[in-house]
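Numbering (the working numbering), first residue to last: -11 to 81. All C-beta atoms, glycine included, are put in the ideal place defined by N, C-alpha and C. Shown next, in structure tokens, is the structure this report addresses.
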């Protein structure tokens, strides 16, 4: 199945990437994979919210890539800190 848009899709104003799922809901892996979709969408939204007028903070793809990696490291570090704090609370209880 084609997942990218072509000229026929453009003429029909059909956005294939928004309307076609790569993995069918009937697939046994679907619940596991689509369960993570909301997390991914949430992280993408949080990243977009940091961009002034939807623009990157840096110029050039290399700098933007470093910026994205730094943002991902920050999110992971905050997640780890929250997880450890929750473990400490459980241990104290």
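Got a sec, what are the start and stop residues for the alpha helix (DSSP H) residue 67 sits in? In this chain, the alpha helix (DSSP H) harbouring residue 67 covers 49 to 80.
Looking at residue -7: is its Cβ nearer than 9 Å to the Cβ of residue 9? Going by C-beta atoms, residue -7 is not nearer than 9 Å to residue 9.
Helix, strand or coil: how does DSSP classify residue 106 here? For the chain, the structure presents residues -11 to 81; residue 106 sits outside this window and is missing.
Go ahead and pull the three-state DSSP assignment for residue 32. In the structure shown, residue 32 sits in a helix (DSSP, three-state: H, G or I).
Where the alpha helix (DSSP H) containing residue 20 begins and where it ends: Residue 20 -> alpha helix (DSSP H) spans 18 to 22.
In whole angstroms, give me the CA-to-CA distance for residue 18 and residue 61. Spanning the alpha carbons of residue 18 and residue 61 requires a straight line of approximately 28 Å.
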